[in-house]
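Participant: The working numbering applies: residue 202 is where the sequence shown begins, and numbers increase by one. No residue lacks a Cβ here, since even glycine has one placed at the ideal position from N, Cα and C. Quick one: the structure is below, questions incoming.
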Amino acid sequence: MSAPGIQRVAAFYERLAPESLDRLGEVYAADAAFTDPFNDVIGVDAIRRIFEHMFATVHLPVFKVDAIASEGRNGFLTWTFSFQTGKAGARRDWTVKGATHVRFNAHGKVCMHYDYWDPAQALYEKTPLVGGVFRWLRRRLSSGTQ
């Protein structure tokens, strides 16, 4: 059941735009749970607010799905999320790699969405002031085998 569902999720994210948010209910169940490193919400309206906030705070957000797998009602995606921050003329490019686990309900809609990605490596280490602290901490905790 999830193979077509995970394909639908992948296509939705690769085409994600402000105008596509009206179609969230075609992909997500009304009571879907959505969790990522910054959010833990339930319901399509709450999920929509996450994406509205994303579109309001970053420029040119793009998800590229790198790999897809499914097993029963579970689907898995690995992805690359790229976006820009800053004002015109001083934009900064960002790239975040991550993975998503989704579970589908009996109607083929996403009822659970869990994003896995490392905000420290993806964002904090590249941020002035706190970045140095996170890089130092990573070096300190690393086994040094890299």
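Taking only three categories from DSSP, how would you classify His260?
Facilitator: Position 59 of the sequence shown holds residue 260. In this structure, His260 counts as strand in the three-state DSSP scheme.
Participant: Looking only at its own chain, which residues have a Cβ that is under 8 Å from the Cβ of Ala300, when we skip the five neighbours before and after it?
Facilitator: In the sequence shown, residue 300 corresponds to position 99, counting from 1. The answer, listed in chain order, is Phe277, Leu278, Thr279, Trp280, Asp316, Tyr317 and Trp318.
Participant: Measuring alpha carbon to alpha carbon, tell me which residue in Val303, Val259, Val242 and Cys312 is nearest Ala218.
Facilitator: Against the sequence shown, residue 218 aligns to sequence position 17. It is Val259.
Participant: Are the beta-carbon atoms belonging to Gly244 and Ala257 less than 8 Å from one another?
Facilitator: To locate residue 244, count along the sequence shown from 1; it is residue 43. To locate residue 257, count along the sequence shown from 1; it is residue 56. No. Outside cutoff.
Participant: Starting from Leu278, follow the beta strand (DSSP E) in both directions and report where the run begins and ends.
Facilitator: Counting from 1 along the sequence shown, the entry for residue 278 is found at position 77. From DSSP, the beta strand (DSSP E) with Leu278 extends over Asn275 to Thr286.
Participant: Taking only the alpha-carbon atoms, compute the straight-line gap between Gly273 and Gly287 and give it to the nearest angstrom.
Facilitator: As a position in the sequence shown, residue 273 is number 72, starting the count at 1. As a position in the sequence shown, residue 287 is number 86, starting the count at 1. Computed Cα separation, rounded: 42 Å.
Participant: Answer yes or no: do Glu253 and Leu225 have a C-beta to C-beta separation smaller than 8 Å?
Facilitator: The residue given as residue 253 occupies position 52 in the sequence shown. The residue given as residue 225 occupies position 24 in the sequence shown. It is not a contact, given that the beta carbons lie outside the stated cut-off.
Participant: Using CA coordinates, which residue listed in Ile207, His302 and Ala307 is at the minimum distance from Thr178?
Facilitator: The requested residue 178 does not occur in the structure, where the chain is confined to residues 202 to 347.
Participant: Short check: CB of Val311 to CB of Ala233, under 8 Å?
Facilitator: Position 110 of the sequence shown, counted from the start, is the residue given in the question as residue 311. Position 32 of the sequence shown, counted from the start, is the residue given in the question as residue 233. Yes, these two residues count as a Cβ contact at 8 Å.
Participant: Give the range of the beta strand (DSSP E) segment to which Gly226 is assigned.
Facilitator: As a working mapping, residue 226 is identified with position 25 in the sequence shown. It is not in any beta strand (DSSP E) - Gly226 instead sits in the alpha helix (DSSP H) that spans Leu225 to Val228.
Participant: Could you tell me the alpha carbon to alpha carbon distance between Trp295 and Phe284, rounded to whole angstroms?
Facilitator: Taking the sequence shown and counting its residues from 1, the one referred to as residue 295 is at position 94. Taking the sequence shown and counting its residues from 1, the one referred to as residue 284 is at position 83. So the two alpha carbons sit approximately 5 Å from each other.
Participant: From Tyr229 to Ala212, what does the alpha carbon distance come to, in whole angstroms?
Facilitator: Here residue 229 refers to the residue found at position 28 when the sequence shown is read from its first residue. Here residue 212 refers to the residue found at position 11 when the sequence shown is read from its first residue. One C-alpha to the other measures close to 13 Å.
Participant: By DSSP, does Ala212 sit in helix, in strand, or in coil?
Facilitator: Along the sequence shown, read from residue 1 onward, the residue named residue 212 stands at position 11. Of the three classes helix, strand and coil, the one that applies to Ala212 here is helix, per DSSP.
Participant: Taking the CB atoms as reference points, tell me whether Gly206 and Gly309 lie closer together than 8 Å.
Facilitator: Counted from its first residue, the sequence shown places residue 206 at position 5. Counted from its first residue, the sequence shown places residue 309 at position 108. Taking 8 Å as the Cβ cut-off, Gly206 and Gly309 qualify as a contacting pair.
Participant: From the DSSP output, in three-state form, read off His308 for me.
Facilitator: Stepping through the sequence shown from its first residue, residue 308 is reached at position 107. In the structure shown, His308 sits in coil (DSSP, three-state: anything other than H, G, I, E or B).
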